[in-house]
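Each remark here refers to the structure printed beneath this line.
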Amino acid sequence: MVNKPQMSEYLEAALRGAALRQSVLANNIANMNTPGFRRGEAKFEKLLSEAMDGGKAPELADPAELIAESRNTPVDFQGNDVDLEMEVGEMIKNTALYKTYMRLLGGAYRKMELAMRDNI
Amino acid sequence: MEIRGISNPIDIAISGLRVESTRMNVIAENIANASTTRTPSGEPYRRQDLLLSTSDGGISGVRLEDVVADRATDFRTVHQPGHPDADANGFVQMPNVELPMEMMNLVSASRAYEANAAVMKQYKEMMEVAIELLR
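Order-wise, the sequence lines are chains Y and F. Sequence positions in the first sequence follow this note's numbering and run 180 to 299. Sequence positions in the second sequence follow this note's numbering and run 886 to 1020.
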């Protein structure tokens, strides 16, 4: 029988995804005045939920597959499409998401600890 | 899009902070020299601008390529017959620095600086939660 992946494995994958997104958003903000820069976006939720539905181990393999450069957003006079308000909003959302995953992971570890203690 | 390397958000934010603070230096230089008529090259002062690029295709922040002189705009001509650098008709060539534009760039630089500082703060918050797990 194949072992069903643990909840903590999915949470770890989600944390990696959220950390990657934080880098991408930081990069968008750092390049808000770079001529011709197009904002990047990291998407991992779809891959992760597919893995969860299929009961497979989460594989967020190549970061290049998760990061997409936008093509159809409006650009300003220097060909740059970074919208600071949106980046900041996305970043606050992503930070909250990361903290949630991290606390859930902490809870999962505490549960394991509890199970070990009660069996003594 | 090819990804060659992904940096830590702190390093990315630092690259943004450094570029924006250089921008402040350059703007200050432009404003200080708004009416400098003599430079080593013989012509009036030319306003300086930053040349930026995204760091080599990866997710690793912004890079300052160079500080270049703005050759797209012309020098201002002012009628000031008493000026030592005036020509035969009393006209003086003044730098191509436009104060309103420099002020606008200054506001945009300080806004971008704050945004990068906010990125660092957000990341710090994330890390604090991760450290909680060790308690």
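We put the CB at the ideal spot given by N, CA and C, even for glycine.
Within 8 Å of any Cβ in chain F, is that where the Cβ of Thr213(Y) sits? Between Thr213(Y) and chain F, the shortest Cβ-Cβ separation is below 8 Å.
Could you tell me the alpha carbon to alpha carbon distance between Pro969(F) and Arg932(F), rounded to whole angstroms? 22 Å
List the residues of chain Y whose Cβ lies closer than 9 Å to the Cβ of Met1011(F), in chain order. Ala197, Ala198, Gln201, Asn273, Thr274, Tyr277, Lys278 and Met281
Separation of Arg296(Y) from Ser202(Y), as counted between CA atoms: 39 Å
Given Glu188(Y), which residues of its chain have a CB within under 8 Å of its CB, disregarding the five upstream and five downstream residues? Hits under 8 Å: Ala236 and Pro237.
Mind checking if Val254(Y) is an interface residue toward chain F, Cβ cutoff 8 Å exclusive? no
Going along the chain, which residues of its own chain have a beta-carbon closer than 7 Å to the beta-carbon of Ser938(F), five neighbours each way excluded? The residues are Arg948 and Glu950.
Using Cβ-Cβ distances below 8 Å, what residues of the segment 218 to 234 of chain Y are close to chain F? Gly219
Candidates Arg195(Y), Asn207(Y), Ala205(Y) and Ile208(Y), of which the one nearest Phe223(Y) by Cα: Arg195(Y)
Taking 8 Å as the threshold (C-beta atoms), are Ala198(Y) and Val1001(F) in contact? In the sequence under discussion, the amino acid at residue 1001(F) is Asn, which differs from the Val named in the question. Their beta carbons are not under 8 Å apart, which means Asn1001(F) does not touch Ala198(Y) by this criterion.
Per-residue contacts from Met291(Y) into chain F (C-beta, under 8 Å): Correct list: empty, because the minimum Cβ distance to chain F is about 13 Å.
Using a Cβ-Cβ cutoff of 8 Å, what residues of the segment 964 to 986 of chain F are near chain Y? List them in chain order. none
For Gly285(Y), go through chain F and note every residue whose CB falls closer than 8 Å to its CB, in chain order. Here the neighbours are Glu1017 and Leu1018.
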